[in-house]
Structure formats: structure tokens, C-alpha cells
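Colleague: Note that the protein sequences, when read in sequence, are chains A and B.
To convert, count from 1 in the first sequence and add 621; that's our numbering.
To convert, count from 1 in the second sequence and add 209; that's our numbering.
Glycine included, C-beta positions come from ideal geometry on N, C-alpha and C.
What you are looking at is a predicted structure, and each value in this text was computed from that prediction instead of being measured.
This is the structure I want to talk about, given as C-alpha cells.
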Amino acid sequence: MEILSVAFFIGLLAAMLRMATPLLFATMGELLTERAGVLNLGIEGTMLLGAMAGYLVAYKTGSLWLGLGGALLTGALLGLLMAFMAVTLGVSQHVSGLGITLLATGLSLYIYRMVIGSPSVPPSIRPFQILTIPVLAQLPVIGPILFRQYLLVWVALALVPLIWLLLFRTALGLKIRTVGENPKAAEVAGVSVYGIRYLCLIVGGALMALGGAFLSMAHFNMFLFGMVAGRGWISIALVVFGNWRPGKCLAGALFFGGLDALQLRLQAVGFQALPYQFFLVLPYILTIVALVSVSRRAAYPGSLLLPYKRGEA
Amino acid sequence: MIALRLERRHPLPLWQQAILPLLSVLAALGLCGLLVLWAGADLVRAYAALFVGALGSRFAVLETFVKSAPLILTGLAVALAFRAKFWNIGAEGQLYAGATAATWFGLTFTETPAWLLLPLLLLGSFAAGGAWALIPGLLKARLKVDDVVTTLLMNYIMLYLVSALVDGPWREPVSQWPQSPEIVEAAQLPILLERSRFHLGIPLAFFCAGLVWLLLARTPLGYAIKAVGVNPRAAEFGGIRTARVIAVTALLSGGLAGLAGAGELAGIQFHLMEAISPGYGYSGIVVAMLGGLHPLGVVLAAFFFGVVNNGAQHMSRVTGVPTYLVEVMQGVTLLAMLAALLLLGSFAAGGAWALIPGLLKARLKVGNADAARALSTLGSRMAGPPGGIDPSLHTLHGAPVSGSPGGDAPPDSP
């Protein structure tokens, strides 16, 4: 049977990495903000606006790199807005996050419609191409999976150890975690809680937008309204699923990405025994199960969802 | 005795409560005005077209009611839940649960007369939406599982369930798109005004707003809901069984959202499909916040967004401004309202200068027995802690005040 061939599995695993890439960018962004004590529900909208901005800049300038820059900048700006709401004003994090998702989603559609109009065929860009690393790509099995990929896939994979190093092996990371666990203690120790949270939300927002841009600039070659399709929420789930640890988040992203890749391939070969929605819904169910199982041992950052007011005893 | 530090905030006169949503709406109209100008349209003409499109004729007005009804119900669902600090972000999924139940009734009971089928269908939708919300409600109440994330994720579980249903067992063979067959006529909500889509679900939505007002203002359960929302620990000490109250709130909240689904399915669409709601569940959060989590406010806010939703098509035709302006407006309104609430908190705490965070801290000490009672009359509807409130009192997940008796429980947070 075709499903069980080696080629099928190699293709599946390569696709798994590609499907995991937007999740990885967004998850690492969300991990950073949550580690600093801010839940950013603006993630879904930030990804969509990032996808739109990256595509639009690339379409207008003809440069993919400028497109990526545009996406990063857009994400950073949305992160800044989130920081203003959740840190400076100190209003409810999840409601302001949802507000940002609504705003960014609306802006994505509005700006796209203003600049592109509504042509019957959405104009496409020349997207990022799959790169082949000489020699390594010739390795059996591993070669085609790992060394024949988009550049952004490698960037996403490299991001995981980088975030881990940042969080657990640098002074800045210690500050971030302290701010997330106990902002008062951080402030007493001379760490600027506001500064750290602003930094994390801005960088986190940029990473989320990059995840969106991967969709419109590599995975596809155009911007589609339903493009992000809940991947932002999946990333929120992944941070929980990964217990706020970069490595576990990577494992989760690969697993969820793998489910997505499997579902697409099974649909393509006409697999009927299970509805394809089953594979799409699994990440959500598994995350809720994971939430229940971790509810007893509190692994979340201690001050998550709590605004911090400077100078209060 | 637990020492609680409270921000002094007097109940505000009605005009002050009404001024914040108005300011937020004006801010949103102003900021979105930039987008209108970008589209090359005249600002006054565009907004005039928006309101003409929504209120310019008998049919337009009735359509505005059609568009407002689901927003009233999801707005009530969110408002009720937020009052108990059950962060129900899942009204969208609960709406779909209600619509799915309505479809099941409408496809199964083909011989039942309308006078029997309609009440069953509405009850069934209420129960389905309620049950869907009860899962995260119980997880929060019993296991302290974070409700923001679970309610959010359950939206997608329900959406994929509906997708699998209309693409599988319920798929109408002749249609091009995945959708269920039409529900029987007896299951369709009757049209109350001729030459319109003004169906029974619309007065029902207003009726529900009245019931929620009655519940919150005049019943022990409503009191318990508000007390739990203000401080679950204090409420528990005051003899309120917090876990049960959260579960019941979840059930009622989900039920209201489920009714919104029944209204859309049995009043408008008649076929179950993936696109039955353009995000009414999420808009419900905007409506609830804009309405100050008060049933009357919810009705007014829902009507406003009904106007905006309904008028956008006309505005787009006349001026060429994309209808997506509506989504932007929702987001901006929500953010503006959040900022405005902060202003209210600081204003009440001692004047406009309190806007500078931490400058003025008017606090009083109260014993816990008084706390729930005192707080329930205060501006407890705020979703976020206003400037200057001790964070430990306002942990969004009701974590105990540190050093309180029985404070061995782990703080409940995601």
C-alpha cells in the first residue's frame, strides 16, 4: 500500500518540519512573552497581519527580504501595542489580547483589500525556494527530510536552542524568568519589570509575525484570508503542552505539525476510515488533557496574567 | 479575619457609566476614520451611509435587529460569565453547539408539530451550549484548569466537529458546499413581521436580557455569581459554594450562546454549515465589555454593532470603503473600552490625576465578611484591575490573597 512506503514517510517527515515551522516561530514568541508574565492572545491576529505584511511588501518591492523585514516590524508594533495595554495600562491581558487579534485581523483584510482589491485570482509572489545543502542532502532518509528545506525551517529549528540559551543560560534570561515569576522581587533586585515585559512582547510579536510570514511567503505564494486557521491558538496550546520549556515545545510543535501533514497526505490518497477533521482536532483535545494533567503541579510562570504596578509594596 | 486592601470606588452615576462606552465608540469611529480617509471616501458621507444602510428603511431596521439578536445573546453569555470571572472565550463554540443541537432536532423530528418541536429545539440548543461550556467550567471549578485556554480551544473542537458532521453523516448530497439538509419547517422559528427576517429568536434575545438582569439584580444566585467574581475566597467564607456557582454560571453562559446558535440556524440559515457565525462569539466579548457587563448595556452595545454590521454593506456600495472596517472597529472599540475602564477606575479612586499609575492610592481595610458585600456594589464589572489596585486582590484567576487562612491552595493560573 502506498501509505506504508519509505518515500511516503520521508515526504511526511519533511512536511512535518514545514508544518511545524509557523507553529515554532509563534510558540517561541508566545513562550517568551509568557515567561515574562504576559499571556498574548493577540497571537492569532499578529500571525495574520504578519502574513499579510510580509506578502504585501514582497509583492510591492519584489524583495522577499524586505517582506520579512516588514513582517517583523509589523509584529513588533503589535507587540508594542500589547505591551502598552497589558504593561503600562495594566488592563486585563486576555481581553486586550483578543482586542489586538480582532484589530490585526480586521487590518489585514482591510489593507489587503485596499491595496490589492478583489481580483478573481489573488496575485502571487515568487516565494522562498526550497534549498538543498550539497552532500548532506544526499544522506539517506535524513538528507531529504532535514537538508532539503526552506531557509526559514532551519531558522525556526535554530531558534529553539537559542531561546533555551537565552532563558536559562544568560543574565537577561534570568531577569525574564524572574519578572515572570515574581516581578516584585525582580524590581527589588533592580530589574525593570516594564522594560523586560516590553522587550519580550516586542520580540515575541515579531516572532509570531514571522510565523505568519512563513505561510504567505514560503508555504504558499500569496495571502489568503483564512491562512492562519487557528495556528495562533495552537501555539498558545503548545506553550502549555510544552510546559513552558523550549525543548518540549519543539517536540509538541513537531507532533502537531506531523498531524497536520499526515492529515493532508491521507486526504490526498483518499483515506476515508477517519474524517480528516479528526487529525486537526487532536492537538486541541490533547492540549486540554495536558492542561488537566499539569493542573496539579503548577509549571506556569507565577505572575502570568497579573499586571504589575511599579512602585507598589 | 483576612485583611483585604481595597480601592475605594463609589458606585457611579448612570451618566458616568454611559460616558465610557460612548467615548470608546467615538474613539473607534475616529481612528477608523483614518482608514475611511485612506479609502478616499468622505468621512461624514461614509458614516452617514453606514447608518442609512442600517436604519434607513423599515427593512433595514428589521435587518439590524436580525444582526443584533445573536450579538445580544453571545454578549449576555460573555457578560454573565465574566461577572463570575469565568473567562468564557468560548461563546463561538457554544453557539455552534447550539446550532448543531437545533439541526439535530430539525432533522430528526420530522413529524412533530411546531408548538412542541420549537420549545424542545430551543431547550436542546440551550442544553448543548451549556454542556459545552460546562466542561471548561467544571475543569476550572474542580481542577483549577485555566479557563481562558480551555474555552478558546474548545471553540475549535466544536468547529471541527461541525465540519466533520456537515462533510460526513449530515452532508446534503445535492449541495456544492458541505452543509446539512434543510431542517423541517416545523423546526424553523416563525417570522413575526412580514416581508422581513424578523424571527421569533429576536424577541427571545431581548427576553433573555431581561432574565439575566433579573438573575443578577434580584436573585441569590445572581448575588453569588457577583460575589464569586469579586473574590472567590471571600465568597467561600461567606458561605457560597464557589465551585458550584462557577459551574452553574458556565452552564447558563453557554446556554445563552447556544440559543444564539439556535436563532441563527432555525431563524436564518436552516442548514448547518461551517460558516454559520461570522465570529459572533468573539464579537460577544466586545459587546459584553462595551456594555459594561450589564444586560442593558449589552443590548445597547449589541444594537450598535448590529447597526455597524448591517450598514457596512451599504457604506461599501456607496463609498467603496471595504466592509472589513467593521472588524477593525470591533478591535479598536474593545481596546478603547479597556483603556477607558482604567480611566474610570482611577477617576473614581480620586480624580483624574490618579491616571498616573501609582500616584494616588485610596485604600481601606475591610474584614472579609464585609468584603464580598462591599465589593459586589462596587465597580466589580471591570475585567482588568484598574490602576493602583493591589495585584494580589485582583488576580484574574482569583488566587488567594497571600497570608490568608487556608492559603495552602496553589494559585490557579494557566
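1. Which of the three DSSP states is assigned to A:Thr-726 in this structure?
2. Have a look at A:Thr-908 and B:Ser-462 and give me their C-alpha separation to the nearest angstrom.
3. Within 9 angstroms of any Cβ in chain B, is that where the Cβ of A:Pro-896 sits?
4. Taking Cβ-Cβ distances below 9 angstroms as the criterion, which residues of the region 345-370 of chain B are in contact with chain A?
5. Output the distance between the C-alpha atoms of A:Ala-889 and B:Val-530, rounded to the nearest integer angstrom.
6. For B:Arg-254, does the three-state DSSP call read helix, strand or coil?
7. Name, going along the chain, the residues of the region 857-873 of chain A whose beta-carbon falls closer than 8 angstroms to a beta-carbon of chain B.
8. Along the chain, which unbroken stretches of the alpha helix (DSSP H) at least 4 residues long are found entirely within the region 877-917 of chain A?
9. Determine the closest residue to B:Pro-322 out of B:Gln-397, B:Asn-518, B:Val-421 and B:Gly-262, with distance taken between C-alpha atoms.
10. Per DSSP, A:Gln-770 forms a beta bridge with which residues?
11. Can you list, in chain order, the residues of its chain whose CB lies under 7 angstroms from that of A:Phe-835, leaving out five sequence neighbours each side?
12. Could you give the residue range of the alpha helix (DSSP H) that holds B:Asn-519?
13. So, with DSSP's three-state summary, where would you put A:Met-848?
14. Touching or not, the region 860-869 of chain A and the region 678-698 of chain A, by the rule of three or more beta carbon pairs under 8 angstroms?
15. Touch check for the region 334-349 of chain B and the region 872-884 of chain A: three-plus C-beta pairs under 8 angstroms?
16. Once the 5 residues before and after B:Ala-288 are set aside, which same chain residues still bring their CB inside 6 angstroms of it?
17. Could you give the DSSP three-state label for B:Trp-392: helix, strand or coil?
18. When the Cα of B:Pro-412 is compared with those of B:Ala-278, B:Leu-420, B:Tyr-256 and B:Leu-235, which residue comes out closest?
19. Using three-state DSSP, classify B:Met-482 as helix, strand or coil.
20. Tell me, to the nearest whole angstrom, how far the beta carbon of B:Gly-284 is from that of B:Ala-510; I am working on the premise that it is less than 8 angstroms.
21. Between the Cα of A:Thr-709 and the Cα atoms of A:Leu-757, A:Thr-654 and A:Leu-701, which residue gives the shortest distance?
22. How would you call B:Thr-317, buried or exposed, if buried means at least 16 neighbouring beta carbons within 10 angstroms?
23. Can you list, in chain order, the residues of its chain whose CB lies under 7 angstroms from that of A:Thr-726, leaving out five sequence neighbours each side?
24. Which whole-angstrom value describes the C-beta separation of A:Pro-743 and A:Ile-631, a residue pair presumed to lie in contact below a C-beta threshold of 8 angstroms?
25. Output needed for B:Arg-472: all residues of its chain with C-beta closer than 8 angstroms, excluding positions within five of it in sequence on either side, in chain order.
26. Answer yes or no: does any C-beta atom of chain A fall closer than 9 angstroms to that of B:Ser-372?
27. DSSP three-state call for A:Ile-631: helix, strand or coil?
28. Between which two residues does the alpha helix (DSSP H) containing B:Ser-462 stretch?
29. In its own chain, which residues sit with a C-beta less than 6 angstroms from the C-beta of B:Phe-512, not counting the 5 before and 5 after it?
30. Check each candidate in B:Arg-442, B:Ala-418 and B:Gly-447 and name the one with the smallest Cα separation from B:Pro-429.
31. Quick one: which chain B residues come within Cβ less than 9 angstroms of A:Leu-828?
32. Kindly say whether B:Tyr-305, judged by its beta-carbon, lies nearer than 9 angstroms to any beta-carbon of chain A.
33. Tell whether a beta-carbon distance below 9 angstroms holds between A:Tyr-731 and B:Leu-244.
34. Going by other Cβ atoms of all chains shown within 10 Å of its Cβ, with 16 needed for buried, is B:Trp-224 buried or exposed?
35. Could you compute how far the alpha carbon of A:Gly-711 sits from the alpha carbon of A:Arg-818?
36. Let me check you understand the geometry: is the CB of A:Met-637 closer than 8 angstroms to at least one non-hydrogen atom of the ligand FAD?
Modeller: On the basis of the data shown:
1. DSSP places A:Thr-726 in helix when its eight states are reduced to three.
2. Cα-Cα distance, rounded: 23 angstroms.
3. yes
4. Of all residues in the region 345-370 of chain B, Pro-345, Leu-348, Leu-352, Lys-353, Val-354, Asp-355, Val-357, Val-358, Thr-359, Leu-361, Leu-362, Met-363, Asn-364, Tyr-365, Ile-366, Leu-368, Tyr-369 and Leu-370 have a Cβ within less than 9 angstroms of some Cβ in chain A.
5. 40 angstroms
6. The answer is helix: DSSP assigns B:Arg-254 an H, G or I state.
7. Answer set for the region 857-873 of chain A: Ile-857, Ala-858 and Val-861.
8. 898-915
9. B:Gln-397
10. A:Leu-752
11. If we look at A:Phe-835 and ignore the five residues flanking it on each side, its Cβ neighbours are Thr-642, Pro-643, Phe-646 and Leu-773.
12. 504-528
13. Three-state result, A:Met-848: coil.
14. Flag = no, the region 860-869 of chain A and the region 678-698 of chain A do not touch.
15. no
16. Ala-497, Leu-502 and Val-507
17. A small correction: the amino acid at residue 392 of chain B is Ile; Trp does not occupy that position in the sequence shown. Three-state DSSP puts B:Ile-392 in coil, outside helix and strand.
18. B:Ala-278
19. strand
20. 6 angstroms
21. A:Leu-701
22. Burial check for B:Thr-317: the Cβ neighbour count within 10 Å stays below 16, so the residue is exposed.
23. Counting only Cβ-Cβ distances below 7 angstroms, and skipping sequence neighbours, we find Gly-666 and Leu-669.
24. In fact, because the Cβ distance is near 31 angstroms, the residues do not count as touching under 8 angstroms.
25. Rather than Arg, the amino acid found at residue 472 of chain B in this sequence is Gly. Within the same chain, B:Gly-472 has close Cβ partners Ala-278, Pro-279, Leu-282, Leu-398, His-408, Gly-410, Ile-411, Leu-413 and Ala-414.
26. yes
27. Note: A:Ile-631 maps to helix in three-state DSSP.
28. 451-473
29. Ser-277
30. B:Gly-447
31. Neighbours of A:Leu-828 on chain B: none; closest Cβ ~20 angstroms, over 9 angstroms.
32. no
33. A:Tyr-731 is a Cβ neighbour of B:Leu-244, given a cutoff of 9 angstroms.
34. Sixteen is the threshold: since fewer than 16 other Cβ atoms of the shown chains lie within 10 Å of the Cβ of B:Trp-224, the residue is exposed.
35. Per the coordinates, the alpha-carbon of A:Gly-711 lies some 12 angstroms from the alpha-carbon of A:Arg-818.
36. Although the ligand FAD was asked about, the structure shown includes no ligands whatsoever.
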